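Quick note, the sequences are listed as chains Y and D, same order. Take the first sequence: its letters are residues 4 to 239, numbered as in my numbering. Take the second sequence: its letters are residues 4 to 239, numbered as in my numbering. Virtual Cβ for every residue (Gly too), placed ideally from N, Cα, C. Because the structure is a prediction, the values reported are computed rather than measured. To start, the structure under review is shown below, and the notes come after it.
There are 2 protein chains.
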Amino acid sequence: MSSIHPAIVAQHSSAPLPQPWLERAWSAGSAPRSEDLIELIRSSGQTARLERDEMLFCEGDDGEALYVILSGTVRCCKVLADGRRQIIGFYQAGDLLGLSLGDVYFYSAEAVTPVRLRRLGRVQLETMMDERPQLRRRLFSIAAGELAAAQNQMLLLGRKTARERICTFLLGRAGSDGAVELPMSRTDIADYLGLTIETVSRTLSQLRSAGLVRMSGLSSLELTDPDRLSDMAEAA
Amino acid sequence: MSSIHPAIVAQHSSAPLPQPWLERAWSAGSAPRSEDLIELIRSSGQTARLERDEMLFCEGDDGEALYVILSGTVRCCKVLADGRRQIIGFYQAGDLLGLSLGDVYFYSAEAVTPVRLRRLGRVQLETMMDERPQLRRRLFSIAAGELAAAQNQMLLLGRKTARERICTFLLGRAGSDGAVELPMSRTDIADYLGLTIETVSRTLSQLRSAGLVRMSGLSSLELTDPDRLSDMAEAA
DNA sequence: CGCATCTTTGAGACTGCTCAATACAGGTGG
DNA sequence: CCACCTGTATTGAGCAGTCTCAAAGATGCG
Numbered sequence: 004m005s006s007i008h009p010a011i012v013a014q015h016s017s018a019p020l021p022q023p024w025l026e027r028a029w030s031a032g033s034a035p036r037s038e039d040l041i042e043l044i045r046s047s048g049q050t051a052r053l054e055r056d057e058m059l060f061c062e063g064d065d066g067e068a069l070y071v072i073l074s075g076t077v078r079c080c081k082v083l084a085d086g087r088r089q090i091i092g093f094y095q096a097g098d099l100l101g102l103s104l105g106d107v108y109f110y111s112a113e114a115v116t117p118v119r120l121r122r123l124g125r126v127q128l129e130t131m132m133d134e135r136p137q138l139r140r141r142l143f144s145i146a147a148g149e150l151a152a153a154q155n156q157m158l159l160l161g162r163k164t165a166r167e168r169i170c171t172f173l174l175g176r177a178g179s180d181g182a183v184e185l186p187m188s189r190t191d192i193a194d195y196l197g198l199t200i201e202t203v204s205r206t207l208s209q210l211r212s213a214g215l216v217r218m219s220g221l222s223s224l225e226l227t228d229p230d231r232l233s234d235m236a237e238a239a
Numbered sequence: 004m005s006s007i008h009p010a011i012v013a014q015h016s017s018a019p020l021p022q023p024w025l026e027r028a029w030s031a032g033s034a035p036r037s038e039d040l041i042e043l044i045r046s047s048g049q050t051a052r053l054e055r056d057e058m059l060f061c062e063g064d065d066g067e068a069l070y071v072i073l074s075g076t077v078r079c080c081k082v083l084a085d086g087r088r089q090i091i092g093f094y095q096a097g098d099l100l101g102l103s104l105g106d107v108y109f110y111s112a113e114a115v116t117p118v119r120l121r122r123l124g125r126v127q128l129e130t131m132m133d134e135r136p137q138l139r140r141r142l143f144s145i146a147a148g149e150l151a152a153a154q155n156q157m158l159l160l161g162r163k164t165a166r167e168r169i170c171t172f173l174l175g176r177a178g179s180d181g182a183v184e185l186p187m188s189r190t191d192i193a194d195y196l197g198l199t200i201e202t203v204s205r206t207l208s209q210l211r212s213a214g215l216v217r218m219s220g221l222s223s224l225e226l227t228d229p230d231r232l233s234d235m236a237e238a239a
């Protein structure tokens with residue numbers, strides 16, 4: 004049950020920081036996430052890298068560090084004894100991982116794509132939090148956003164139809180131009196939305212037939228009618 | 004994967020504070036929730052009361068206060084345009100409400116039973132947090148627990164069968180003696196577990212026929228075989 | 001005691017799942 | 001560069017668990 008630990012490579016780079024996933028999923032969000040926090044952690048942590056499908060940490064491991072993703076996509080998941088899996092969320096550049104710094108991590112984190120990230124030890128983090136009220140508030144606010152996202156997902160999983168789930172998912176990942184990148188597999192999408200891969204695939208095909216999305220390759224598509232899609236996301 | 008052991012729970016001198024829901028749902032929890040925080044808020048807030056079904060705050064309202072429940076049960080829920088409802092959680096004496104102090108509340112809070120609670124303004128809370136590192140850590144830890152509970156619920160809603168959901172729910176609410184109090188209606192339970200009232204009712208009847216629970220009235224039952232129930236909670 | 005509400009039980013329908021076959025994409029070697 | 005091969009995605013047919021609709025049985029309140 005211990006995680007494979009990635010090589011820690013002391014290395015700096017200043018890649019662009021795309022909008023974090025949370026910002027979009029959390030429409031009622033408080034202040035826009037400032038980059039200072041991320042900069043701070045980036046500058047005080049160590050860099051790590053993950054291969055595709057490599058595990059960053061495992062459910063049950065000691066929660067010893069907070070991570071900032073510099074590039075790539077990470078999935079966090081919980082698994083039942085018989086293998087059924089629920090993906091808690093996908094995280095991308097600018098997002099924080101392992102925020103629930105209890106004694107242990109409550110979920111496993113794995114790389115969907117190759118990932119670069121920075122690691123900040125728990126002690127170091129707590130020191131920083133004690134010293135900087137502003138950082139503290141920001142982290143609290145990010146945790147609140149995470150909670151709000153989780154609750155939205157509970158609504159989706161508990162009460163939405165397959166089509167609504169897919170539409171919600173696509174809208175949540177769409178850029179302002181309607182482009183959607185899906186670096187994760189259909190299986191990952193299914194496990195995130197509480198469906199099977201077949202249902203995901205079928206539903207996407209339906210949306211395509213209905214002229215709501217245009218698909219260009221397996222991992223990228225375009226929303227051609229976001230308004231209608233938006234209606235479909237919340238009402239059958 | 005067997006039984007849950009709510010071992011702890013020492014006797015408290017004054018008001019009997021039932022174990023907060025979080026403690027039980029969050030098996031991997033950090034330090035047991037100390038009462039000092041609750042005492043602190045209790046002593047600095049104003050008391051409020053709610054009638055049955057009365058609303059404390061509504062999704063979208065300004066998140067101006069944190070509440071501690073003194074007695075009674077509260078449900079927090081999110082609702083879709085067409086009325087479908089998802090209950091995010093049930094909260095009881097000792098639990099905190101409105102922790103996600105963003106600008107607005109992300110869900111509505113309503114009284115399941117008559118409720119007494121204490122209210123602490125946001126400004127007041129932030130002052131207290133700045134002054135007391137320990138309080139701060141505790142609140143952060145509680146928020147983390149809330150997040151963990153939400154993620155467990157995502158697993159339940161996304162991947163568990165009706166029977167598994169009911170079993171998980173019952174185990175989560177059982178005292179050490181196997182007694183379960185259900186102050187909420189079947190509709191509330193259904194909306195919490197992502198089911199319909201009929202399915203809830205049928206499943207409870209099945210468990211009773213199978214000799215796993217004994218029902219004494221609508222709102223209270225007893226787990227007669229927690230181990231078997233526990234198996235059922237995670238595997239069909 | 002009577003009424004309104006909630007719960008339980010039943011029968012049938014439907015969404016999404018399972019199992020199975022085909023199609024596609026990406027990488028490998030000739 | 002193309003044929004091959006493996007893993008993933010799509011499509012199809014049938015099934016099952018849960019939902020819907022409906023009625024009867026409890027419960028609680030005035």
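Report task. Kindly indicate which three-state DSSP category methionine 4 of chain D falls into: helix, strand or coil? Result -> Residue placement at methionine 4 of chain D is poorly supported in this model, since its pLDDT is 36, which falls under 50; the coordinates are not used for a value here.
Query raised in the report: Going along the segment 155-166 of chain Y in order, which residues come within less than 8 Å of chain D, judged by CB to CB distance?
Result: Asn155, Gln156, Met157, Leu158, Leu160, Gly161, Arg162, Lys163
Query raised in the report: Ends of the beta strand (DSSP E) at leucine 226 of chain Y?
Result: 223-226
Requested in this report: Give the DSSP-derived three-state secondary structure of proline 229 of chain D in the structure shown.
Outcome: helix
Query raised in the report: Exposed or buried, glutamine 137 of chain Y, counting other C-beta atoms within 10 Å across all chains shown (16 or more means buried)?
Result: Exposed is the call here.
Requested in this report: Pick helix, strand or coil for aspartate 64 of chain Y, following the three-state DSSP scheme.
Outcome: coil
Query raised in the report: Based on the DSSP output, what are the partners of isoleucine 44 of chain Y in its beta bridges?
Result: Paired residue(s): none; isoleucine 44 of chain Y is not in a bridge.
Query - Partner residues on chain Y for tyrosine 110 of chain D, Cβ-Cβ distance less than 8 Å - result: Those are Gln154, listed as they occur along chain Y.
Query raised in the report: In chain D, what lies closer than 8 Å to leucine 83 of chain Y by C-beta?
Result: Leu158, Arg162, Lys163, Glu237, Ala238
Query raised in the report: Taking Cβ-Cβ distances shorter than 7 Å, what residues in chain Y pair up with arginine 205 of chain D?
Result: Chain Y residues near arginine 205 of chain D: none, gap ~18 Å exceeds 7 Å.
Query raised in the report: Do we get a CB-CB distance below 8 Å when we pair leucine 43 of chain Y with the residues of chain D?
Result: no
Query raised in the report: Quick one: is arginine 52 of chain D buried, meaning 16 or more other Cβ sit within 10 Å of its Cβ, or exposed?
Result: Exposed: under 16 other Cβ atoms inside 10 Å.
Query raised in the report: Count the other CB atoms within 10 Å of the CB of glutamate 149 of chain Y; is the residue buried (16 or more) or exposed (fewer)?
Result: With 16 or more Cβ atoms within 10 Å of its Cβ, glutamate 149 of chain Y is classed as buried.
Query raised in the report: Skipping 5 residues on each side, what residues in its chain have a beta carbon closer than 6 Å to that of leucine 210 of chain D?
Result: Val216
Query raised in the report: Do methionine 132 of chain Y and leucine 160 of chain D have their CB atoms nearer than 8 Å?
Result: No.
Query raised in the report: Would glycine 101 of chain Y pass as a contact of alanine 68 of chain Y if the rule is Cβ separation under 8 Å?
Result: yes
Report task. Taking glutamine 154 of chain Y and phenylalanine 60 of chain D to be in contact with their CB atoms under 8 Å, please state how far apart those CB atoms are, rounded to whole angstroms. Result -> Not a contact, Cβ separation roughly 15 Å.
Report task. With 9 Å as the C-beta to C-beta threshold (strictly closer), list the residues of the segment 123-148 of chain D near chain Y in chain order. Result -> So the close ones are Glu129, Met132, Asp133, Pro136, Arg139, Arg140, Leu142, Phe143, Ser144, Ala146, Ala147, Gly148.
Query raised in the report: Does the segment 172-191 of chain Y touch the segment 113-125 of chain D, meaning 3 or more C-beta pairs lie closer than 8 Å?
Result: no
Query raised in the report: Does DSSP classify serine 212 of chain Y as helix, strand or coil?
Result: helix
Report task. Let me know if alanine 152 of chain D comes out buried or exposed under the rule of 16 or more other beta-carbons within 10 Å of its beta-carbon. Result -> buried
Query raised in the report: For threonine 164 of chain Y, which of D:Gln49, D:Ser46, D:Leu43, D:Leu83 has the nearest alpha-carbon?
Result: D:Leu83
Query raised in the report: In the structure shown, what three-state DSSP assignment does serine 111 of chain Y receive?
Result: In this structure, serine 111 of chain Y counts as strand in the three-state DSSP scheme.
Requested in this report: Alpha carbon to alpha carbon, how far is isoleucine 41 of chain Y from arginine 121 of chain Y? Give it in angstroms, no decimals.
Outcome: 10 Å
Query raised in the report: So which residues on chain Y does alanine 151 of chain D lean against when the C-beta distance must stay under 8 Å?
Result: Ser103, Gly105, Phe109
Query - Residues that DSSP places opposite glutamine 127 of chain D in a beta bridge - result: Paired residue(s): none; glutamine 127 of chain D is not in a bridge.
Requested in this report: Answer yes or no: does any C-beta atom of chain Y fall closer than 8 Å to that of arginine 87 of chain D?
Outcome: yes
Query raised in the report: Can you tell me the Cα-Cα spacing of arginine 140 of chain Y and glycine 66 of chain D, whole angstroms?
Result: 15 Å
Query raised in the report: For tyrosine 195 of chain D, which residues does DSSP report across the bridge?
Result: Per DSSP, none; premise fails for tyrosine 195 of chain D.
Query - Simplified DSSP assignment, three categories, for leucine 160 of chain D - result: helix
Query raised in the report: So which residues of chain D does isoleucine 91 of chain Y contact, with C-beta pairs closer than 7 Å?
Result: Residues of chain D passing the Cβ test: Gln154, Met157.
Query raised in the report: Which two residues bound the contiguous alpha helix (DSSP H) that contains arginine 168 of chain D?
Result: DSSP places arginine 168 of chain D in the uninterrupted alpha helix (DSSP H) bounded by 165-176.
Report task. Output yes if chain Y places a C-beta closer than 8 Å to the C-beta of glycine 197 of chain D; else output no. Result -> Chain Y, which has a Cβ nearer than 8 Å to the Cβ of glycine 197 of chain D, makes this yes.
Report task. Determine the closest residue to glycine 220 of chain D out of D:Ile90, D:Ala182, D:Glu167, with distance taken between C-alpha atoms. Result -> D:Ala182
Report task. Give me the Cα-Cα distance between methionine 218 of chain D and threonine 202 of chain Y, rounded to the nearest whole angstrom. Result -> 39 Å
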